[in-house]
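Everything below concerns the one structure shown next.
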Amino acid sequence: MGKSKALYTFSFLAVYFSFCTITPTSSTSLQDDFINCLHENTNVDFPLLETFFSPERNVSIYKEVLQSTAHNLRYVTESMPKPGFIFKPVHESHVQASVICSNQLGLHHRVRSGGHDYEGLSFVSLMETPFILIDLSKLRQINVDIEDNSAWVQSGATIGELYYRIAEKSKLHGFPAGLCSTVGIGGHITGGGDGTLLRKYGLAADNVLDAKIVNADGKLLNRAAMGEDLFWAIRGGGGGSFGVILAWKLKLVPVPETLTMFTVTKTLEQDPETKILSKWQRIADKLVDDLFLRVMFRVAGDKTLTLEYKGQFLGEKGTLMEVMKKYFPELGLTQEDCIEVTWIESVLANAGFPIDSPLEVLLNPKLSPYVKVYFKGKSDFATEPIPPFGLKGMFKKLVEENTSSMFMIPYGGMMAKIPESETPFAHRKGTILKIHYATNSTSEDGISLNKRTKWIREMYSYMTPYVSSNPRLAYVNYRDLDLGTNTKDSKANFIKAQTWGAQYFKNNFNRLEVEIPTPRHENNIQNINYFTKVLSASDTNKKGSFVLNKRHAIECLPLLVQWDESATIPRPDKVSPWEIEPLTHSSNILKSVFLKNKRQSEIDDFGK
Ligand SMILES: Cc1cc2nc3c(=O)[nH]c(=O)nc-3n(C[C@H](O)[C@H](O)[C@H](O)COP(=O)(O)OP(=O)(O)OC[C@H]3O[C@@H](n4cnc5c(N)ncnc54)[C@H](O)[C@@H]3O)c2cc1C
Ligand SMILES: *[C@@H]1O[C@H](CO)[C@@H](O)[C@H](O)[C@H]1NC(C)=O
Ligand SMILES: *[C@@H]1O[C@H](CO)[C@@H](O)[C@H](O)[C@H]1NC(C)=O
Ligand SMILES: *[C@@H]1O[C@H](CO)[C@@H](O)[C@H](O)[C@H]1NC(C)=O
């Protein structure tokens, strides 16, 4: 087997190289160099047909692989920069080799697990060309150890697969992560990962026991080897910043045999004074931890809204009815609204499947009801209820755009018990709810895209007085480049990152941040290579790299002072309601990259 694979690889290479000598291009020689370098750095075969994809090899297969898990269609349009080639490691050593070889060849790489990044950062680089894509979708092994209440999960697996593998072995174990089954484990946990069990058990990142990461030297490190500082940073500090996570060891959590789910739908006419929604805002984060009750706002055709109150309770119907009667009778929940389910059935329902679907639907991304759309999302956190007049304005704004949707989910419970500094995810005590805004469309239409982008920015602006401020907080897993991005200008990045970084991480940003000399990612905290330099320069007896990072930050003090002096720049929270935010620098980056990209036609042209 190994022999034939090797033979195959060799003969392919022969064909490949002869092709290259006929039409040499810079991108093909980079591919050769990369492949040769991989061979030098791993002993494990990587049959090129299954692992290596480029427009030169086969444009239609390349396109298919690139688009396979790219969730946001806005980032697969023709004008978007495309990776020069895609490598799909089939062994952990291939990831190490990829990192080593990217460094050696000075190639910028993006890492993709599930491809659900809101701004496509796992497969599009708006700032570095050429770039390549390391796609982890073939590293998706899951080993559930029920005796140990734990599971090792490789980054390329989806959360749907994880839930399925747990349920395969136990009815009484679960894991607190997100709702949509196609989200990748790799990216999800790096940003926190919240779902219907968050009030009981916190985030996915709060339930990580160990991890395997490839650092920028290509070294494979587990928790003990990486040290507690890096282990802290990867559990919520955002994807693509600290190395390539190969696998997570997760702590499974107990779930009861019977859960209860319900949906109660209210029209605006049924709650004209927003009494029910106001009450929900006051109590949803304070209810028993077993109850997770969210609200989805849906635009109905005739410029009105419906509000869906969706509940999930870790217990039986009778107990839930008592809780609701005592704390939230205004909702008018009845026995008939409730359905008793197993945990894995709740997973199906939350992922948008009918509750009686075969569990295997969780393994097939093509069946997911969360279809791919052209999409823009934003987030907010609130520390106090939005007053009725604020809600009414929000409704008015929401129905202006029929491609919009919004939801609010309660925090509190375990989320409030975990200290803010425990992980980089800082939205803990005092945060009563998270707001998600989105607008989507199934077709690429420039005019309507502009209209929708304008709409979501206006909505965000309108909400300013009602949500967190100084800084206005956002969820890094709902990445939003409107808040700010890195550019090639590293000194300016360091200053600008203070703003967007604090929005995602509050004070935890200070522990994450270092200057980024050559940014690798529009929103990353640390240059992956730089990070290693810091690591390898560090006295290994010292607890970790962040000590040295701080020293570096002090060297940059003049920049910080400069920032203080220019603090008159209006922060997002100072923008008055209804004022449309100016286009941010991110759109300028887009423009310049488009121009640059035009010259890259060979790589970028999909050969329509
Ligand atoms: C339809 C949909 C539903 C969602 N539902 C939820 C939800 O219920 N709860 C929630 O909390 N979030 C949710 N999200 C947000 C989701 O958690 C984030 O988009 C997450 O980053 C996706 O992970 P991924 O592996 O699919 O993404 P990718 O796009 O592959 O990666 C995201 C980022 O992480 C980096 N990255 C990827 N893999 C690795 C790795 N192995 N090591 C280091 N960096 C890596 C990428 O470079 C990129 O920067 C949802 C998103 C979508 C599109
Ligand atoms: C590319 O792959 C497709 C699908 O396997 C195949 O039909 C097509 O002939 C290939 N094209 C080239 C140029 O090899
Ligand atoms: C949304 O509104 C546009 C007109 O502004 C209309 O063409 C479209 O059909 C509407 N879509 C839905 C889903 O109501
Ligand atoms: C897109 O928006 C519509 C209209 O608000 C909504 O019904 C639908 O669920 C959204 N789709 C996705 C995949 O987000």
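According to full-length UniProt numbering, the sequence shown is numbered sequentially starting from 1. Glycine included, C-beta positions come from ideal geometry on N, C-alpha and C.
Name the one or two DSSP bridge partners that residue i has.
| i | result |
| --- | --- |
| tyrosine 374 | Ser441 |
| leucine 307 | Lys266 and Phe297 |
| alanine 211 | Trp248 |
| serine 181 | The partner list for serine 181 (beta bridge, DSSP) is empty, contrary to what the question assumes. |
| lysine 434 | Phe381 and Ile409 |
| valine 253 | Gly174 |
Closer than 6 Å by C-beta to residue i: which residues in its own chain qualify, once you throw out the five before and the five after it? Chain order, please.
| i | result |
| --- | --- |
| glutamate 340 | Thr258, Thr260 and Lys317 |
| histidine 173 | Ile166 and Leu252 |
| serine 102 | His109 |
| serine 137 | Gly156 |
| asparagine 41 | Ala97 and Ile100 |
| leucine 367 | Val361 |
| glycine 484 | Lys496, Thr499 and Trp500 |
| proline 83 | Phe131, Ile132 and Leu133 |
| threonine 182 | Thr158, Pro365 and Ser368 |
| glutamate 269 | none |
| tyrosine 75 | Gly120 and Val124 |
| valine 347 | Tyr163 |
Specify the secondary structure class of residue i as computed by DSSP and reduced to three states.
| i | result |
| --- | --- |
| aspartate 145 | strand |
| glutamate 420 | coil |
| phenylalanine 53 | strand |
| glutamate 400 | coil |
| leucine 333 | coil |
| leucine 172 | coil |
| glutamate 340 | strand |
| alanine 349 | helix |
| alanine 111 | The question names alanine, yet the displayed sequence has valine at residue 111. Here valine 111 sits in strand by DSSP. |
| asparagine 36 | helix |
| alanine 497 | helix |
| isoleucine 22 | With a pLDDT of 30 at isoleucine 22, under the threshold of 50, the predicted position of this residue should be treated as unreliable, though the coordinate-derived value follows. Isoleucine 22 falls in the helix class under three-state DSSP. |
| alanine 216 | coil |
| residue 609 | The requested residue 609 does not occur in the structure, where the chain is confined to residues 1 to 608. |
| proline 365 | helix |
| threonine 42 | coil |
Where do the ends of the alpha helix (DSSP H) carrying residue i lie?
| i | result |
| --- | --- |
| serine 278 | 275-283 |
| arginine 223 | 223-234 |
| glutamine 96 | 92-105 |
| histidine 188 | 185-190 |
| phenylalanine 509 | 508-512 |
| serine 461 | 446-462 |
| glycine 386 | Reading off the sequence, residue 386 comes out as isoleucine, not glycine. Unbroken run through isoleucine 386: none, as it is neither H nor E. |
| leucine 198 | 198-201 |
Could you pull out every residue in the same chain whose Cβ sits closer than 8 Å to the Cβ of residue i, ignoring the five residues on either side in sequence?
| i | result |
| --- | --- |
| tyrosine 164 | Ile344, Leu359, Glu360, Leu362 and Leu363 |
| leucine 398 | Phe297, Val299, Leu305, Ser404, Met406 and Met459 |
| aspartate 480 | Tyr118, Glu119, Gly377, Lys378, Ser379 and Ala474 |
| threonine 51 | Phe87, Lys88, Pro89, Val90, His94 and Lys138 |
| serine 448 | Thr403 and Ser441 |
Please work out which residues of its chain come closer than 7 Å, Cβ to Cβ, to residue i, disregarding the five sequence neighbours upstream and downstream, and give them in chain order.
| i | result |
| --- | --- |
| threonine 423 | Ala205, Asp206, Trp232, Arg235 and Gly236 |
| valine 255 | Leu172, His173, Gly174, Leu314 and Trp343 |
| isoleucine 276 | Lys266, Glu330 and Leu331 |
| arginine 282 | Pro385 |
| phenylalanine 425 | Gly192, Leu203, Ala205 and Gly236 |
| valine 153 | Ile142, Leu162, Ile185, Ala247, Trp248 and Leu250 |
| glycine 187 | Ser113, Gly114, His116, Asp117, Ser122 and Gly239 |
| phenylalanine 53 | Ile61, Tyr62, Val65, Phe85 and Ile86 |
Beta carbon of residue i, beta carbon of residue j: below 8 Å?
| i | j | result |
| --- | --- | --- |
| isoleucine 435 | arginine 428 | no |
| threonine 274 | lysine 392 | yes |
| valine 214 | valine 244 | yes |
| isoleucine 432 | proline 465 | no |
| leucine 162 | proline 176 | no |
| isoleucine 86 | leucine 66 | yes |
| asparagine 486 | histidine 521 | yes |
| leucine 179 | asparagine 350 | yes |
| isoleucine 185 | tryptophan 248 | yes |
| valine 111 | glycine 240 | yes |
| aspartate 210 | glycine 412 | no |
| phenylalanine 375 | glycine 311 | no |
Does the CB of residue i have a neighbour CB from chain D at under 8 Å?
| i | result |
| --- | --- |
| glycine 186 | No chain D is part of this structure, which consists of one protein chain only. |
On the DSSP letters alone, give me the boundaries of the beta strand (DSSP E) that residue i sits inside.
| i | result |
| --- | --- |
| isoleucine 61 | Run containing isoleucine 61: none in the beta strand (DSSP E); it sits in the alpha helix (DSSP H), 59-68. |
| isoleucine 355 | From DSSP, isoleucine 355 is part of no beta strand (DSSP E); its letter is neither H nor E. |
| serine 469 | Careful: serine 469 lies outside any beta strand (DSSP E) and carries neither H nor E. |
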